[in-house]
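The block underneath contains the structure these notes are about, expressed in structure tokens.
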Ligand SMILES: [Zn+2]
């Protein structure tokens, strides 16, 4: 079994169960704690966005992940 690492915190994911311990985004794969942090950042912004736009949200996810990968945390 190949080792998979979170793109943000670089932690190795021991048991990869997609969408339970590891989450795939277009450019990145991230672990569960990082996914929780990502959602915590996205939710307040998405809630205030009116009208909600899917493309805007996809871009927000990508921008937030780009920043997280650069900093090594979300
Ligand atoms: Zn992580």
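In this note's numbering, the protein residues as written are -6 to 67. Note that CB positions come from ideal geometry on N, CA and C, so glycine has one too. Quantities reported herein were computed from a predicted structural model and do not represent experimental measurements.
I need the straight-line Cα distance from residue i to residue j, nearest angstrom please.
| i | j | result |
| --- | --- | --- |
| residue 39 | residue 58 | 15 angstroms |
| residue 3 | residue 53 | 22 angstroms |
| residue -1 | residue 47 | 25 angstroms |
| residue 43 | residue 63 | 29 angstroms |
| residue 49 | residue 18 | 15 angstroms |
Residue i: which of the options sits nearest, CA to CA?
| i | options | result |
| --- | --- | --- |
| residue 25 | 55, 1, 60 and 51 | 1 |
| residue 29 | 63, 14, 8 and 64 | 14 |
| residue 21 | -3, 49 and 50 | -3 |
Please go through the same chain and pick out, in chain order, the residues whose beta-carbon is closer than 7 angstroms to the beta-carbon of residue i, but skip the five residues on each side of it.
| i | result |
| --- | --- |
| residue 8 | 14 |
Please output, in chain order, the residues near ligand 1 using a CB cut-off of less than 6 angstroms to any non-hydrogen atom of the ligand. Applying a distance threshold of 6 angstroms between residue Cβ atoms and the heavy atoms of ligand 1 selects -1, 1, 2, 4, 23, 24, 26 and 27, given in chain order.
To test your reading of the DSSP string, which unbroken alpha helix (DSSP H) runs of 4 or more residues are found completely within the stretch 1 to 66? With a minimum length of 4 residues, the continuous alpha helix (DSSP H) runs that stay inside the stretch 1 to 66 are 25 to 41 and 47 to 64.
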